[in-house]
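2 protein chains.
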Amino acid sequence: MAKDRKDLIKIGELAHLVGVQVVTIRYYEKEGLLDKPQRTPNGYRTYRRTDVDRLRFIRHCRDHGMAIEDIKFLLKLREAPEKDCMEVNTLVDDHIKRLEEQLASLQALKSRLVELRGKCPHSGAISDCGILRDLGGQCRAALESPAPTTQS
Amino acid sequence: MAKDRKDLIKIGELAHLVGVQVVTIRYYEKEGLLDKPQRTPNGYRTYRRTDVDRLRFIRHCRDHGMAIEDIKFLLKLREAPEKDCMEVNTLVDDHIKRLEEQLASLQALKSRLVELRGKCPHSGAISDCGILRDLGGQCRAALESPAPTTQS
DNA sequence: TATAAGACCTATAGTTACTATAGAGTCAAG
DNA sequence: CTTGACTCTATAGTAACTATAGGTCTTATA
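In order, the protein sequences belong to chains A and B.
Following our numbering, the numbering of the first sequence begins with -13 at its first residue and continues without gaps.
Following our numbering, the numbering of the second sequence begins with -13 at its first residue and continues without gaps.
Put into structure tokens, the structure is as follows:
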């Protein structure tokens, strides 16, 4: 088998194949997503096919907005083919739920901003600006709780 | 309790009034959102009414998802009442536009995740998990661009 | 009066997933 | 022999805080 020469690639080629930056690969290595690769005599990292697959997996996860820690978890699961995949489903479900929460709060934020923008549809003096006036308004926290522990 | 004037408060009381943490106030000071306050002989920060208003303004902006740098800009505008408020409107418009982009990309991400989740609606062996299989699929970058400069 | 609780002080590091910078070694081509 | 592309390590910066450590000051209670 003449594989030990052809299949070995350097970091730049791996980066190109998967479409990430070289520094990102070294970062993933440092974070433990990628194993420490073999080195050529001059110290260059060398990678194989399996590393390309693994890096692609990582990138797909990241493209789906998953956190590094989640990906570590998925990578570990991927290496235990006999286990049940329920944990994968749970992780994805949780991720979707987080996304939905984030979407809802951004949606609400946008509504408030559009409303705020409506306070000053015209061009005029800063002193008359409804947006700045609104942003300077009262705060809820002051009305809710009684007093700090420093009371007589 | 009658110190110099009754409207001089310490950092903890300011934090309580506005509903932020003490450390956050010091952070805002370091970032230049709040002026360096006067100090008591023992080195404690003392604040006045205007500081309460200013901090409230800052918090309202942050609650609307604005960046510190944007808030600095608004604070500066707020102190020039004779100027035109067009820049305020522009800033808010830009902010809304950014939010809309973010919403769109999160929405798309969620769709992809829901689709991904559909690949494995059941419980079973990791080796059969459609989610992991999908995440391990081919990547676009490999097909798009030709080859790195290190071509034979 | 001693002491303990609480508020305050400064300075530093950690969070996330990278990106940027500096300084240096390796390798092939011209 | 120099140029340029590629590689290496190590450190710092990003956003907006949060956490930690270690210390001082004030006040209430035993």
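All C-beta atoms, glycine included, are put in the ideal place defined by N, C-alpha and C.
Problem - Contact set between G29(A) and chain B, taken where Cβ atoms lie within less than 7 Å - result: None at all; the shortest Cβ gap to chain B is about 18 Å.
Exercise for the section: State the Cα-Cα distance for the pair I57(B) and R48(A), rounded to the nearest angstrom. Expected result: 31 Å
Exercise for the section: Kindly indicate if chain A contains any beta-carbon less than 8 Å away from that of D70(B). Expected result: yes
Practice task
Could you work out which residue in N28(B), R12(B), E68(B) is closest to G110(A) when comparing CA atoms only?
Solution key: E68(B)
Handout entry: Where H81(B) falls, given that 16 or more other Cβ within 10 Å makes a residue buried
Key = buried
Problem - chain B contact for L0(A) (CB, 8 Å cutoff) - result: no
Problem - Nearest candidate by alpha-carbon position, reference G18(B), set L0(B), K62(B), G51(B), G(-2)(B) - result: K62(B)
Exercise for the section: Name the two residues that bound the continuous beta strand (DSSP E) containing Y141(B). Expected result: Because chain B in this structure spans residues -13 to 138, residue 141(B) falls outside the shown range and cannot be described.
Problem - Beta-bridge pairing of K(-4)(A) - partner residues as DSSP gives them - result: T32(A)
Problem - Neighbouring residues, chain B, relative to G110(A) (Cβ below 8 Å) - result: D70, C71
Exercise for the section: Buried or exposed for Y30(A), please, with buried defined as at least 16 other CB atoms from any protein chain shown within 10 angstroms of its CB. Expected result: exposed
Problem - the stretch 81 to 96 of chain A in contact with the stretch 73 to 91 of chain B per 3-pair CB rule at 8 Å - result: yes
Exercise for the section: Please determine if the stretch 98 to 106 of chain B and the stretch 91 to 100 of chain A are in contact, where contact requires at least 3 C-beta pairs separated by less than 8 Å. Expected result: no
Exercise for the section: Could you list which residues in chain B have their beta carbon closer than 7 Å to that of F43(A), in chain order? Expected result: L121, G122
Practice task
Please report the Cβ distance between C115(B) and C115(A), rounded to the nearest whole angstrom; I am assuming they are in contact, meaning their Cβ atoms lie under 8 Å.
Solution key: Their Cβ separation, rounded to whole angstroms, is 55 Å, which puts C115(B) and C115(A) out of contact at 8 Å.
Practice task
Flag E87(A) as yes if its beta-carbon sits less than 8 Å from any beta-carbon of chain B, otherwise no.
Solution key: no
Handout entry: DSSP beta-bridge partners of Q24(B)
Key = T32(B)
Practice task
Would you check if the distance between the CB atom of I44(A) and the CB atom of Y14(A) is smaller than 8 Å?
Solution key: yes
Practice task
Step through the CB atoms of chain A and report whether any lies within less than 8 Å of the CB of I(-3)(B).
Solution key: no
Exercise for the section: Tell me, to the nearest whole angstrom, how far the beta carbon of L20(A) is from that of H46(B); I am working on the premise that it is less than 8 Å. Expected result: Between H46(B) and L20(A) the Cβ distance is about 44 Å, and since that is not below 8 Å, they are no contact.
Problem - Own chain residues within Cβ distance below 8 Å of R25(B), not counting five before or after - result: R31, T32
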